[in-house]
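Written out below as C-alpha cells is the structure these notes cover.
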Amino acid sequence: MATIYSEQTPRAVSPSQTDDTVAHNAGAPGSEGFALPSWLPWLGGRVLSGLATAFVISVLVFAATQALPSDPARVILGPDATEDSIRVLQQQLGLDQPILVQYGRWAARAMTGEFGVSLDSNVPAGQIVADRFGNSAALMAIVLVLAVPIAFLGGVALAIRRDSRIDSWTMNAVILFKALPGFVLAIGLILLFSTTVFPILPAVSLIDPAISPFLQPLYLVLPALTLILTVAPFLLRLVRSAMIETLEADYVAAARLRGIPERRVVWGHAVPNALVPVIQGIALTSRMLLGGGLIVEVVFSYPGIGNALNAAIELRDVPVIQVITLTMAVGVVFINLLADVATVLVTPKLRTSSRPRLRAGTRAKLKLKAGGV
Amino acid sequence: MSVVPFVNAVLQVRDLSVTLGDGPKIVGDISFSVFPGEILGVVGESGSGKTSIATALLGDARAGAVIACGSVFVDGRDILALDEAERHTMRGSVVSHVAQDPALALNPMRRIGSLLEEVLRVHLPALGKAGRQARIAEAAADVGLPATSEFLRRFPHQLSGGQQQRVLLALAVLLRPQLIVLDEPTTALDVTTQARVLATLRDLCRDRGIGAVYVSHDLAVVRELVDRVVVLYAGHIVESGSRDHLFESPAHPYTRGLLDAVPDISGRHAVRPIGGHAPALQDRPEGCAFAPRCSLRSASCAVRPPLREFGERRLVACHHPVRGKREDVPATFRAPAFAEQRALAVLGGVSASYGANQVLFDVDLSLPKGYCTALVGESGSGKTTFSRALVGAVEDVEGTFEYDGRLVPLSGNRDIDLRRRIQYIFQNPFRALNPRQTVGQILRTAALHFFPIRSADADREVAAVLERVALAPELAPRYPRDLSGGERQRVAIARALICKPELLICDEITSALDVSVQAAIIDLLRQLQREFGLTILFVTHDLGVVRAVADCVAVLQHGRIVEHGPVDRLLDQPEHSYTRALVADSPRLRETVA
Chain A
12 MATIYSEQTP RAVSPSQTDD TVAHNAGAPG SEGFALPSWL PWLGGRVLSG LATAFVISVL
72 VFAATQALPS DPARVILGPD ATEDSIRVLQ QQLGLDQPIL VQYGRWAARA MTGEFGVSLD
132 SNVPAGQIVA DRFGNSAALM AIVLVLAVPI AFLGGVALAI RRDSRIDSWT MNAVILFKAL
192 PGFVLAIGLI LLFSTTVFPI LPAVSLIDPA ISPFLQPLYL VLPALTLILT VAPFLLRLVR
252 SAMIETLEAD YVAAARLRGI PERRVVWGHA VPNALVPVIQ GIALTSRMLL GGGLIVEVVF
312 SYPGIGNALN AAIELRDVPV IQVITLTMAV GVVFINLLAD VATVLVTPKL RTSSRPRLRA
372 GTRAKLKLKA GGV
Chain B
11 MSVVPFVNAV LQVRDLSVTL GDGPKIVGDI SFSVFPGEIL GVVGESGSGK TSIATALLGD
71 ARAGAVIACG SVFVDGRDIL ALDEAERHTM RGSVVSHVAQ DPALALNPMR RIGSLLEEVL
131 RVHLPALGKA GRQARIAEAA ADVGLPATSE FLRRFPHQLS GGQQQRVLLA LAVLLRPQLI
191 VLDEPTTALD VTTQARVLAT LRDLCRDRGI GAVYVSHDLA VVRELVDRVV VLYAGHIVES
251 GSRDHLFESP AHPYTRGLLD AVPDISGRHA VRPIGGHAPA LQDRPEGCAF APRCSLRSAS
311 CAVRPPLREF GERRLVACHH PVRGKREDVP ATFRAPAFAE QRALAVLGGV SASYGANQVL
371 FDVDLSLPKG YCTALVGESG SGKTTFSRAL VGAVEDVEGT FEYDGRLVPL SGNRDIDLRR
431 RIQYIFQNPF RALNPRQTVG QILRTAALHF FPIRSADADR EVAAVLERVA LAPELAPRYP
491 RDLSGGERQR VAIARALICK PELLICDEIT SALDVSVQAA IIDLLRQLQR EFGLTILFVT
551 HDLGVVRAVA DCVAVLQHGR IVEHGPVDRL LDQPEHSYTR ALVADSPRLR ETVA
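Protein chains in written order, with the numbering used here: chain A, 12 to 384; chain B, 11 to 604.
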C-alpha cells in the first residue's frame, strides 16, 4: 500500500552516492532507539493544523447557529413576548453586540468548558453533552471492538479464499447489508428480537443515567448489533481488497519462492502491508459512527449524543446544538489525526522520513475500493 | 530428446508446459539442463513466457496459470511431483529465486535483517542465534554487503537499488542452494551497478559450483554472463546452444533477427528490425510461431518444427536453419559535417531545481540543426528535467535558450508557433496516449490545434502522417488499447510529426519496447531525420542505442555535462573518467575491435 503515501521530496539517496558509499551515509534512524523520531516535527505541524481546523469549525458552528436570522431571544420568550422584553433579553444575551465580539465572548467561554445553559432544561449544556457523549462513546467502543476484529479476520480469510464459493456468498451478503439503510435494519431487528418472534431484548434503551452503560448490557445489544451490521461489511470489504492487493505483490511472491510457509507469508508479509488502508478505514468508520449513530439512537431512543442533538434541534436549544456539533467536529479532527499518526507509525518509509505526507484523494480512493460507505 | 538423464546436472527440465487455466499454453515442450557452476541464459522478448519458466522451476505458477505437465528435476528430485510441504522445503534451500525489480521484491515493512533471519528460522530451525548470525555474515560477504547490525536494521527504502538487489542475492544464497533462478535481476539498475552485481553473481557461481538460470531480454548482458543460451519465441524454445556458437553463428532466423536488431555500443552496425510483432497468447499460429515474420518461410512452416539436433550440442526448431557465421551489416556511415553545422537551439547556463533539490547545474548545450544529439546519463542525472525544460515544462528553471536565432523564455509563456516547432515524445507509449480517443482523433486534435485547416484536410494529414510512421491507415479508427507497444510509440511519434516540428525531443522512447521493435523505431527516427532534416534530442541511458541513433553525444552526470562530442570519438576514446566507466561497464554484444 506504499503507493498511497509518498515522501514530499524525491528519494534522499541521490545518484552521487554510488552503490557502496550509500552504506555509510544513508539515513540510519533505526539504530538510535532513544533519539527523537524524525517525524516529530511533522506531528507538531499536524497537531497545529488540527487546531486550526477546530478553530474554523468553531466559526462555522457559531455562524450557523448564533448568527443566523432566527433570534434566540424570540425563541426563548415565545411568540407572545413584547418587543421591549425581547430587546432586554437580547441585551442580556449580548445579541446586540457586533458579531465578532459575540464570537469572541462565546469562544472565550467555550475554551473554559462553559458553553452556556440549555434553553430547555437550564442545565449547563456542557453537562448534558458530557453524559450523553459518554453513552455514545460506550456504544461506539463496543461496536469498534467487535466489528474491527470480525471484519479483519473475515477479510483476511476471504482474501485467501478469493473467488471461492464462501467468498462469493459472503460478498453477496455484504452487498445486501450495505444496501439496507440503517434504520430499516434497526426496525427489522426490533421486529425480530423485541416483538412476537423472539421477545428477548428491549426495543427501547432505557439506560439509567446514574450507572455506566456497560453495566446495563441488555440495552446495548440491539443498537450495537445494528451498527455492527452496518459497519462491519464495509470494513470487511476494505480488508479483503487491501489483502488481495498485497497478496499479489512481488514481495509476497518472493517470500513464497523462498519457501516461507503460507501462514507466515500471510501474517508476516501480507497483513502488515494491508494495515494502512485498514487504519484509514477504521477512522472512516469511527467518523461515520460519530454522526451516523444518530438514526440508530433515535430508533432505539438511546440516550446518546445523536439523540440529544436531534432533541436540541427540535427545541432550537442553541447552546446545546453548538456544543454537540463542536464536539462532533473536534472528534472527527481528532480521529483523523490519530489515524494519520498510526499510519505513519506502521509505515517504515514514512516513519523514517522527516516529511511524511498523505497524498490527496486517499480517502476518496478508500471509499471507492470498499464500494462506497 | 535424450531420455538418459545427465547424472550430474543440477537442473533438468523435461517437456514442461504451463497453461492459462485449461486454455492456451503459455510455454510448451520446454526441456533443458544446467550443470554445477554453469550459467544458462534464457532469452526472449516480452510475452515469450520466460517468467513463467522461471517460477515453474520452483514449482510455482502465477495466479490463473497452471503447470500442466513435465518434470523439473532439481538435484535429482522432481519438484513438480513433490507435495506442498516438501516443495516449500526445497524452495530457498535447494533452488532459490531472485526477482526482477528489487524495489518491489523486498517487503517495505520488514528490516532486511529480519528477512534473512526468517529464511534461516524456517529452513534451519536447529540453528542457534550465533549460527544464524554467522550464516548471515557469510552471505552478506558473498554478495558484497556489510553485515553490521546497523545495516541489517535498515528498511529496503533506505538502500540503493544495487544494495537492494544484493540483499535479494544474499537471500538467495543464504542456504547455499544448488541452483539460483534469476528473473531479469538487473533491468532496474544502472549500468555501473549492473556490472558489479553481474560480476558478483559470476564469482558466486564459479566458486560455489552453483548452477544458475538467468532469464533476460537483454542479449548483451546474457553474452557477457552466461555459458549457454536458450532462445524462446512465443512460449517455445527455438534454439539452444553454447554462448559462442549462438552469438557467432545463430541458426534460427529469429535468433539472427534478434541479434541484428540489438544496437551495440562496440561499433556502428546497422540495426535491422524484425518486421511485425510477436503474436499474442491467444493467436499464436498453429505451425511455426515465427513464420509470419520470417523471410525464409515456406509451405512446410505450417507444421510446427520440432527441436532437432543441429551440429554439436545445439538444438534448433526450424525447417530452414541457417548455416554459417553471422555477418554484421555495416551502417551507412554518415560523416557529420560539423564544420558547416548550424545550431538550431543553444542552451546556456541552464539550472533547474525541484524545491530545495537542485537537479541541473549550469548546463550548456547546443543542438546542431539536422542532427541527432543523444543525452546520456544514469537515472537521477537530470536528463529528463533538461529535456522537459526545453519544452517549457519545468517551472523552477534559469538560463538562456536561443532557438533559431531568437531568444525564448525557458519557463513556459511560449507562443503557439514555438510550441508547435518543439515536440516531445514520452517514454511510455502505454500512458502517453489518451485511452478514450481513437488514433485518428488523437492525431486530428494535434493538427487542428496548430493549423487553421478544415476537418477533411485534417483527415488527409492524419492519413499522410500514419504513412510516414509506417502504420496502416486502417489503424485510425482503432483505440490505443488495440495496438502493440511499438505501434503505440509510432502513434506518439506521428502525433509529434503532424505538428510539423523542427526539434523532436525523445525521452527514452525505446526503453519500454522489445529489442526487435526498438530497432524499428530507431530505423524510423533515422529515416525521418534524413528525409525531413529533423533535429532530434534523444534522451537515453543505453549507450548501444546512442551508437545506433546519434550523431553527437552529451554525457550528463549529477546535473552537469561532463563530456560532449561526436558519437564515434566519444564512445571510442572517452576522455572523462565517468564516460570511460559508463563505456566500460556497458555490456557488449560483439568483441570490441580495438
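We put the CB at the ideal spot given by N, CA and C, even for glycine.
Keep in mind it's a predicted model, so treat the numbers as computed, not measured.
To the nearest angstrom, how far is it from the Cα of residue i to the Cα of residue j?
i	j	result
F126 of chain A	T338 of chain A	11 Å
S69 of chain A	I222 of chain A	32 Å
P462 of chain B	R431 of chain B	16 Å
V67 of chain A	V331 of chain A	19 Å
A140 of chain B	H133 of chain B	16 Å
P6 of chain B	I40 of chain B	Residue numbering for chain B in the displayed model covers 11 to 604; residue 6 of chain B lies beyond these limits and cannot be assessed.
V307 of chain A	T76 of chain A	25 Å
Q583 of chain B	Q567 of chain B	18 Å
L581 of chain B	I275 of chain B	8 Å
L258 of chain A	V277 of chain A	8 Å
L599 of chain B	A506 of chain B	33 Å
E518 of chain B	V593 of chain B	18 Å
For the beta strand (DSSP E) containing residue i, name the first residue and the last one.
i	result
Y243 of chain B	R238 to Y243
H287 of chain B	H287 of chain B -> no beta strand (DSSP E), and no H or E assigned at all.
T410 of chain B	V407 to Y413
D193 of chain B	L189 to D193
D516 of chain B	First, the residue type needs correcting, since residue 516 of chain B is Cys and not Asp in the sequence shown. Taken as a continuous stretch (DSSP letters only), the beta strand (DSSP E) holding C516 of chain B covers L513 to D517.
D25 of chain B	L21 to L30
A222 of chain B	G221 to S226
Since residue i is in the alpha helix (DSSP H), which residue starts that stretch and which ends it?
i	result
V232 of chain B	L229 to L235
R294 of chain B	Looking at the DSSP string, R294 of chain B is not in any alpha helix (DSSP H), and its letter there is neither H nor E.
Evaluate residue i with the Cβ neighbour count: other Cβ atoms within 10 Å of its Cβ, from every protein chain shown; 16 or more gives buried, anything less gives exposed.
i	result
Y381 of chain B	buried
G543 of chain B	exposed
N117 of chain B	buried
G44 of chain A	Residue placement at G44 of chain A is poorly supported in this model, since its pLDDT is 47, which falls under 50; the coordinates are not used for a value here.
H227 of chain B	buried
V240 of chain B	buried
A265 of chain A	buried
F311 of chain A	buried
S415 of chain A	What the structure shows of chain A is the stretch from 12 to 384, and residue 415 of chain A is not part of that stretch, so it cannot be assessed.
M122 of chain A	exposed
H7 of chain B	Within the shown structure, residues of chain B are numbered from 11 to 604, placing residue 7 of chain B beyond reach of any answer.
Y588 of chain B	buried
F209 of chain A	exposed
Q291 of chain A	buried
Which of helix, strand or coil does DSSP assign to residue i?
i	result
E541 of chain B	helix
G80 of chain B	strand
F371 of chain B	strand
K60 of chain B	helix
V281 of chain B	coil
R314 of chain B	coil
F311 of chain A	coil
R87 of chain B	strand
E48 of chain B	coil
P378 of chain B	strand
H98 of chain B	helix
N36 of chain A	Annotation note: pLDDT 40 at N36 of chain A (below 50); position unreliable, no value reported.
K35 of chain B	strand
R362 of chain B	Correcting the residue type first, residue 362 of chain B is Ala in the shown sequence and not Arg. A362 of chain B: strand per DSSP, three-state reduction.
G41 of chain A	Bear in mind that the predicted position of G41 of chain A carries a pLDDT of just 41, short of 50, making it too unreliable to give a figure here.
A151 of chain B	helix
T394 of chain B	helix
E256 of chain A	helix
S297 of chain A	helix
When every heavy atom of the ligand ATP is checked, does at least one fall within less than 8 Å of the C-beta of residue i?
i	result
E497 of chain B	With respect to the ligand ATP, the structure offers nothing, as it holds no ligand at all.
Worksheet item: Could you give the uninterrupted runs of the beta strand (DSSP E) lying entirely in the stretch 416-469 of chain B, keeping only those of 3 residues or more?
Response: 416-418 and 432-435
Item to complete: Report the residue ranges of all beta strand (DSSP E) runs contained in full by the stretch 530-594 of chain B; include only those spanning at least 3 residues, in chain order.
Response: 545-550, 562-567 and 570-576
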